[in-house]
Amino acid sequence: MEIRQLIRDVRRNLVVALAAFVLCVVAGGAAAFLPAKQYTASTLVAVQAAPGAIGTISNVGELISIVSPQLPAEATSATNLARARANVPEPYRSIGASVSATVDPGTFIVTITAKSSNKVAAADFANAVANRLKFVQPRPAESGYQLTQLSPATPPSSPSNPRLPIVLGAAAFGVILGIFAAMWAAGIRRRLSRVTEVKERIGATVLGEIPRVAVTGLRPTDLFVKHSEPMAMEAFQELRSNLLISLPAGASAMIAVTSCDPGEGKTSVSTNIAWALAAQDRHVTAIDCDLRKPALHTQMGVPFGPGVTSRRTEDALAHASRTPNPYLDVIPAGIIDRHPSDIVSAHLPLLIEQLRERHETAVIDCPPLIGVAETVLIATMVDLVIVVVDARRFNPERLQQCLLRLDTANTNVAIVLNRVRFNRKRRDGTYGYGHFRRADAPPQVTPAPVTTPSVTPPRSARGGHVPNGRRAGGERSDSLRVSEPTVLRSSPAEPTPGSSRTPGTPRPVENPGQTGYWQR
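For the numbering used here, add 153 to where a residue sits in the sequence shown, where the first one is 1.
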């Protein structure tokens, strides 16, 4: 790892690094200041051959090597410690001490160590144990060896548990642990990043990230007209820019929007993508090909009626509903009379061909990939397939399975992460102009009413328009366009789409009353 990357990881995860450092310093301070001071005193006792027994015992060295390993256990026995304690002066006897003993097998020197909270008591206990150990040994003339105290124990000048080295060591360890904790946190963040995981594990392109909003199924009119969620609107604007870069050059583009499973927000994403593309004066048609559970008309606020299921392509285009955006039309699903895959394979190619001739962009809301047959068929007819993934229940294996199904379509595939939880820095640091922010929005001004003729001109006088306001060549009549201020600066009192339609227009049907095997 480079030094720059290490510094960058530590700066981004400074809180984690500081927490690890503080934890080590606190632990070191507790280890240094909570225990009482301890003093250690030691004395040395040598095992030597007795001068008067050299002539009677031939192998004194072998005898000492046998006796000396037994002396530490004898010195620290309960009986010897109790007798040694009785020889300690009364003021220090009650303080007590812990005694340990070791022997050096090379020099046969026994080291007796005593630890106590009082330095004088530590020295007295060490000397008392050494004297008691010499007293219990046999006479040198009979045993052939003797114990000699080389250096009596003296009171130590400083405690054996100094505080400053412990604190300094804890601080140094805290710095090291803080750096490793920052690196670990950076690795976890990179691993938990959905964009990074999709790119590294699956190899797919992520076109955009849609933030999580409080409202479920946010409509385009609420997002782009009322600006209720500025961050979500900016996310769709960014997604539109990435789409324009990814799509082939040309006026028309066919985009299919799907998901792995139901409930991941594909319909909401498709409607807002269509509105964002139409906001730049691009003629867009949103097509509802989710024939089993049509919901595009509800999100767009248009009536449910004949559409994709119409036998003739002209009828489907004729029943396209207008939206408050003058460049956006909606073709609903319609009432199905046979299997959805049969309808899609028979009607959608002609409809897409007609839209390409008009140089229009189509956004197709498709069923989920898993469990239906028509989504792969639609993928073979379009230029780009967008797979919407709910970031809250992201499953790499499930997404990989969906992408394998799209491999047979031989089309471009991209991922859009939906309902992403943005961090506070990204959420609060959104750059925007005043009228795009709800808190800074200027007062809404109701535009002046536009006077229109009371009598609808005949079809020939409208220049060959079809009933939905299209020309045969794909261009719209300027007389049928809504003024820009009316679309982009709607008043809070503006009626909802579909409420101000001409007499005879059917009201939106939320439940078309479909029956049959296609219902879920």
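Yeah, the Cβ is synthetic: ideal placement off N, Cα and C, and Gly gets one too.
Assuming contact is defined by CB atoms lying nearer than 8 Å, are residue i and residue j in contact in what I supplied?
i    : j    : result
A499 : D441 : no
R292 : N233 : no
V200 : I217 : yes
Q452 : S421 : yes
I489 : I496 : yes
P225 : A254 : yes
T411 : T514 : no
A275 : P309 : yes
P312 : F575 : no
V198 : T229 : no
Helix, strand or coil: how does DSSP classify residue i here?
i    : result
R475 : strand
V569 : strand
P364 : strand
Q452 : helix
R246 : helix
S251 : strand
S313 : coil
L481 : strand
K268 : strand
V542 : strand
S463 : coil
S230 : coil
V529 : helix
R161 : helix
I488 : coil
Q223 : helix
I217 : helix
Would residue i be called buried (16 or more neighbouring beta carbons within 10 Å of its own) or exposed?
i    : result
I341 : exposed
A235 : exposed
I156 : exposed
Q158 : exposed
V168 : exposed
E362 : buried
N166 : buried
F333 : exposed
I505 : buried
L397 : exposed
E295 : exposed
On the DSSP bridge assignment, give the partners of residue i in chain order.
i    : result
Q299 : Q201
A406 : T514
S381 : Answer is none; S381 lacks a bridge partner.
L729 : Residue 729 cannot be examined here, being either before or after the span of the chain that is shown, 154 to 673.
V437 : L481 and T514
V256 : V263
V359 : I568
T193 : K268
S304 : L197
Three-pair Cβ contact test at 8 Å for the stretch 428-435 versus the stretch 466-482:
yes
Decide yes or no for the touch test of the stretch 546-565 against the stretch 444-461: beta carbon pairs closer than 8 Å, at least 3 of them.
no
At least 3 beta-carbon pairs within less than 8 Å: the stretch 189-204 vs the stretch 264-281:
yes
Count the CB pairs spanning the stretch 452-468 and the stretch 369-382 that are closer than 8 Å, and state whether there are at least three.
yes
Report yes or no: do the stretch 528-536 and the stretch 309-317 share at least 3 C-beta pairs separated by less than 8 Å?
no
Using 8 Å as the Cβ pair cut-off and three pairs as the minimum, do the stretch 325-339 and the stretch 168-181 touch?
yes
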